[in-house]
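Engineer:
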Amino acid sequence: DTGVSQDPRHKITKRGQNVTFRCDPISEHNRLYWYRQTLGQGPEFLTYFQNEAQLEKSRLLSDRFSAERPKGSFSTLEIQRTEQGDSAMYLCASVLQETQYFGPGTRLLVL
Amino acid sequence: GDSVTQMEGPVTLSEEAFLTINCTYTATGYPSLFWYVQYPGEGLQLLLKATKADDKGSNKGFEATYRKETTSFHLEKGSVQVSDSAVYFCALSVPPTGNQFYFGTGTSLTVIP
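Here's what the structure looks like:
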């Protein structure tokens, strides 16, 4: 257990529905990252926060995706109008001194 | 752009065999380099890291040396155990702020008794 938690661990939804995932990082870490991981691939960077500021977003993050980190604590990742191609594992990591501490991930299946 | 290329898997070894998993990188500047491990049913966790050329990271019997001249960070272990069965990811962070992280595709290792 790294100290980073994610909720839910699994989510099955129908195409077109909206989903929201939550990440609770290690409290003293001010950087938080979201990644997407598909089968047989490494994590792909989506976005990251420095405290409450979203500083960088990947081209992978279409306008259907939005992330927030109110008050610089937990973060949420929302996917609107889900598509089957969104099916993946969504990982959160909090960072201290370039070391990433990953949560267990949320596995999303879009039917 | 910045990227990491990892040895294709899967790799199957007998217990006590020598392990090498190759990793090469492309990066501007001088990145920090990492190996992460994902055991079955668990999240990724840091195995070792090196932040500058010629540094050697080590942990749990695993080692990797940051080779700037060959842009490599190969993972090695002298004698693998069944408990080392996992997926191993090479990664780098990009200077100067280290805010972007790039991961390889992962190499699955199975160690048989």
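First to last, the sequence lines map onto chains A and B. With my numbering applied, the first sequence has no gaps in its numbers, which climb one by one up to 111 at the end. With my numbering applied, the second sequence has no gaps in its numbers, which climb one by one up to 224 at the end. Beta carbons are placed, not taken as given, at the ideal position from N, Cα and C, and that holds for glycine.
1. Identify the contact partners of Gly215 (chain B) in chain A, using a Cβ-Cβ distance below 7 Å as the criterion.
2. Roughly how many angstroms lie between the CA atoms of Phe200 (chain B) and Leu155 (chain B), to the nearest whole one?
3. Go ahead and label Ser94 (chain A) buried or exposed: buried means 16 or more other beta carbons lie within 10 angstroms of its beta carbon, across all protein chains shown.
4. For Gly154 (chain B), return the contacting residues in chain A, with the cut-off set at a CB-CB distance below 7 Å.
5. Would the beta-carbon of Leu159 (chain B) fall within 8 Å of that of Ala175 (chain B)?
6. Using the rule of at least 16 other Cβ atoms within 10 Å of the residue's Cβ for burial, across every protein chain shown, is Ser60 (chain B) buried or exposed?
7. Which residue from B:Tyr150, B:Gly189, B:Phe145, B:Ala161 puts its Cα closest to that of Ser125 (chain B)?
8. Please identify, using Cβ separations under 9 Å, the residues of the segment 74-94 of chain A that lie next to chain B, in order along the chain.
9. Indicate whether the contact test is met: 3 or more Cβ pairs, each with one atom in the segment 170-186 of chain B and one in the segment 90-106 of chain A, closer than 8 Å.
10. Nearest chain B C-beta to Phe65 (chain A) closer than 8 Å, yes or no?
11. So, Pro69 (chain A) versus Arg81 (chain A), is the Cβ gap smaller than 8 Å?
12. Between Gln84 (chain A) and Val110 (chain A), what straight-line distance do the alpha-carbon atoms span, to the nearest angstrom?
Structural biologist: In short, the structure shows the following:
1. As a working note, residue 215 (chain B) is residue 104 in the second sequence. Gly42, listed in chain order.
2. Along the second sequence, read from residue 1 onward, the residue named residue 200 (chain B) stands at position 89. Along the second sequence, read from residue 1 onward, the residue named residue 155 (chain B) stands at position 44. Looking at the two C-alpha atoms, the distance is approximately 9 Å.
3. Translated into positions along the first sequence, residue 94 (chain A) becomes position 94. Taking all protein chains shown into account, Ser94 (chain A) has 16 or more neighbouring C-beta atoms within 10 Å of its C-beta and is therefore buried.
4. As a position in the second sequence, residue 154 (chain B) is number 43, starting the count at 1. When 7 Å is used as the limit between beta carbons, Gly154 (chain B) is near these residues of chain A: Thr2, Phe102, Gly103, Pro104, Gly105, in chain order.
5. In the second sequence, counting from the first residue as 1, residue 159 (chain B) sits at position 48. In the second sequence, counting from the first residue as 1, residue 175 (chain B) sits at position 64. It is a contact, given that the beta carbons lie within the stated cut-off.
6. Absent from the structure is residue 60 (chain B), since the part of chain B shown begins at 112 and ends at 224.
7. Here residue 125 (chain B) refers to the residue found at position 14 of the second sequence. It is B:Gly189 whose Cα lies nearest to the Cα of Ser125 (chain B).
8. Leu91, Ala93
9. no
10. The residue you call residue 65 (chain A) lines up with position 65 of the first sequence. Not flagged as an interface residue toward chain B: Phe65 (chain A), since no C-beta distance is shorter than 8 Å.
11. Numbered from 1 along the first sequence, position 69 holds the residue referred to as residue 69 (chain A). Numbered from 1 along the first sequence, position 81 holds the residue referred to as residue 81 (chain A). The identity of residue 69 (chain A) in the sequence shown is Arg, whereas the question assumes Pro. Not in contact: Arg69 (chain A) and Arg81 (chain A) (Cβ atoms no closer than 8 Å).
12. Along the first sequence, read from residue 1 onward, the residue named residue 84 (chain A) stands at position 84. Along the first sequence, read from residue 1 onward, the residue named residue 110 (chain A) stands at position 110. Cα-Cα distance, rounded: 5 Å.
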